[in-house]
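S.K.: Numbering-wise (my numbering), the sequence shown opens with residue 5 and increments by one. Ideal Cβ placement from N, Cα and C applies to all residues, glycine included. Since the structure is predicted, the reported quantities are computational estimates derived from the model, not experimental observations. The structure under discussion is supplied below as structure tokens; questions concerning it will follow.
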Amino acid sequence: MNTIFAAMTRQELIHQIHNKRSFLCVGLDPELSKIPTHLHSAPDPVLEFCKSIIDATRDLCVAYKPNTAFFEQFGSAGWSTLEQVIDHIGSDHFIIADAKRGDIGNTSTMYAKAFFESLKADAVTVAPYMGKDSVDPFLQFDGKWAVVLALTSNSGSNDFQRKHLSGSNQELFENVLKTVSAWGTIDNTMYVVGATHPELFKRVRAIVPDHFLLVPGVGAQGGSLSAVAVSGMNADVGLLVNSSRQILYASSGLDFMEKAHKEAEKLRDEMAVLIENIR
5 MNTIFAAMTR
15 QELIHQIHNK
25 RSFLCVGLDP
35 ELSKIPTHLH
45 SAPDPVLEFC
55 KSIIDATRDL
65 CVAYKPNTAF
75 FEQFGSAGWS
85 TLEQVIDHIG
95 SDHFIIADAK
105 RGDIGNTSTM
115 YAKAFFESLK
125 ADAVTVAPYM
135 GKDSVDPFLQ
145 FDGKWAVVLA
155 LTSNSGSNDF
165 QRKHLSGSNQ
175 ELFENVLKTV
185 SAWGTIDNTM
195 YVVGATHPEL
205 FKRVRAIVPD
215 HFLLVPGVGA
225 QGGSLSAVAV
235 SGMNADVGLL
245 VNSSRQILYA
255 SSGLDFMEKA
265 HKEAEKLRDE
275 MAVLIENIR
């Protein structure tokens, strides 16, 4: 079973960001086919890989985002691995369970219990399509966070999120931001806004100036850290920029931890300069 960790508050997260001069979130998306072959002989290759990546990067990042699908594919054994990964991360980092849940109220409550009480994650990604009663259960746990999908980094985001509402100049993602901001607070709600839309961060910040944004898409998906920071940072920094493949698979050899550290360090160094510029 997991060690019980106290949830990380907004102020503690901000402190970590300034203390480490980093707003890096390392995404844990372990694919067996990409894990270095010398780990395949371990009893649990996915666990060994994730623990190694965590050990190689924990001094450079403030958050980890395990993508639950990469663990759930292995059934109950994968869930056990995920529990052990979160235990290994510990309480000094913000932990986001990237599960993209969202359902009617009683089902969402069970999802929230799974990720907040069983896994002890600080936050979980949530799809808001079904409305307030599907998101609200995630906001009822003291110190825990809902990270709501608003403007995602994938090309399919244009299918719905960029559509204009009838009779309005407002796009759907803007309506999501405006509506959901009334459900929670800056202390329990974040939004996913992809780095592949840097030109839209000003519009995002016009609606939610003080909320934290979880920003995927930097690195392998082509998003620019500096472009995001220009319009996305606020006085508290207000960003958690996620990098997964760029760090996880920097090398497939015996030096994979060293190369992962170097990739994370590059991002941290760029972040340190950006943080200094807002002081």
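Decide if P70 is buried, meaning its Cβ has at least 16 other Cβ atoms within 10 Å, or exposed.
M.R.: It is buried - the Cβ of P70 has at least 16 other Cβ atoms within 10 Å.
S.K.: Report the residue ranges of all beta strand (DSSP E) runs contained in full by the region 6-79; include only those spanning at least 3 residues, in chain order.
M.R.: Those beta strand (DSSP E) runs which fall completely within the region 6-79 and span 3+ residues are 28-32, 67-70.
S.K.: Is F216 near L244, with beta carbons less than 8 Å apart?
M.R.: The answer is yes: Cβ separation under 8 Å.
S.K.: Is the number of C-beta pairs between the region 97-112 and the region 172-190 that are closer than 8 Å three or more?
M.R.: At 8 Å Cβ cutoff, the stretches do not touch.
S.K.: Our contact map puts F98 next to V66 with C-beta atoms below 8 Å; I'd like the distance itself, whole angstroms only.
M.R.: That pair is a contact at about 6 Å.
S.K.: On the DSSP bridge assignment, give the partners of Y195 in chain order.
M.R.: Per DSSP, V152, L217.
S.K.: Within 10 Å of its beta-carbon, does T72 have 16 or more other beta-carbons around it, so buried, or fewer, so exposed?
M.R.: Looking at its Cβ environment, which holds 16 or more other Cβ atoms inside 10 Å, T72 is buried.
S.K.: As an exercise, report each continuous beta strand (DSSP E) stretch of at least 3 residues that is fully enclosed by the region 217-248, in chain order.
M.R.: As far as the region 217-248 is concerned, its whole beta strand (DSSP E) runs of at least 3 residues are 243-247.
S.K.: Do you know how far the Cα of D214 is from the Cα of F242?
M.R.: Here the sequence assigns Gly to residue 242, which means Phe is not the residue at that position. So the alpha carbons of these two residues sit roughly 7 Å apart.
S.K.: DSSP three-state label for K104, please.
M.R.: Reduced to three states, the DSSP call for K104 is strand.
S.K.: Rank L64, V219, S185 by C-alpha distance to the C-alpha of A199 and give the top, closest one.
M.R.: Ranking the options by Cα distance to A199, first place goes to V219.
S.K.: Do three or more CB pairs link the region 21-41 to the region 245-260 at distances below 8 Å?
M.R.: Segments in contact, yes.
S.K.: Looking at the C-beta of C65, does it have a partner C-beta in chain B at a distance below 8 Å?
M.R.: Among the protein chains of the structure shown there is no chain B, as only one such chain exists.
S.K.: Where S256 and H92 are concerned, what is the direct C-alpha to C-alpha distance, given to the nearest angstrom?
M.R.: One C-alpha to the other measures close to 22 Å.
S.K.: Using the C-alpha atoms, what's the distance from M237 back to F205?
M.R.: Distance between the alpha carbons of F205 and M237 is about 9 Å.
S.K.: Exposed or buried, which one is P202 when buried takes at least 16 other CB atoms within 10 Å?
M.R.: By the neighbour-count rule (16 or more Cβ atoms within 10 Å), P202 is buried.
S.K.: Counting Cβ pairs, one atom from each stretch, are 3 or more of them under 8 Å apart for the region 74-84 and the region 40-47?
M.R.: At 8 Å Cβ cutoff, the stretches do not touch.
S.K.: How far does the beta strand (DSSP E) with A127 in it reach, from first residue to last?
M.R.: Taken as a continuous stretch (DSSP letters only), the beta strand (DSSP E) holding A127 covers 127-130.
S.K.: Let me know if I57 comes out buried or exposed under the rule of 16 or more other beta-carbons within 10 Å of its beta-carbon.
M.R.: Looking at its Cβ environment, which holds 16 or more other Cβ atoms inside 10 Å, I57 is buried.
S.K.: Which term fits N281, buried or exposed, when burial requires 16 or more other beta carbons within 10 angstroms of its beta carbon?
M.R.: When all chains shown are included, N281 counts as exposed.
S.K.: L64 and L28: beta carbons closer than 8 Å?
M.R.: The answer is yes: Cβ separation under 8 Å.
S.K.: If you draw a straight line from the alpha carbon of L123 to that of G171, how long is it in whole angstroms?
M.R.: Computed Cα separation, rounded: 44 Å.
S.K.: Assuming contact is defined by CB atoms lying nearer than 8 Å, are R25 and A276 in contact in what I supplied?
M.R.: In contact: R25 and A276 (Cβ atoms closer than 8 Å).
S.K.: On the DSSP letters alone, give me the boundaries of the alpha helix (DSSP H) that F164 sits inside.
M.R.: Start and end: 161-164.
S.K.: Classify F98 as helix, strand or coil using the three-state DSSP reduction.
M.R.: It is a strand residue.
S.K.: Within the continuous alpha helix (DSSP H) that includes T113, where are the two ends?
M.R.: Its alpha helix (DSSP H) spans residues 109-116.
S.K.: Leaving out five residues on either side along the sequence, give the residues of the same chain with a beta carbon under 6 Å from the beta carbon of D240.
M.R.: If we look at D240 and ignore the five residues flanking it on each side, its Cβ neighbours are I18.
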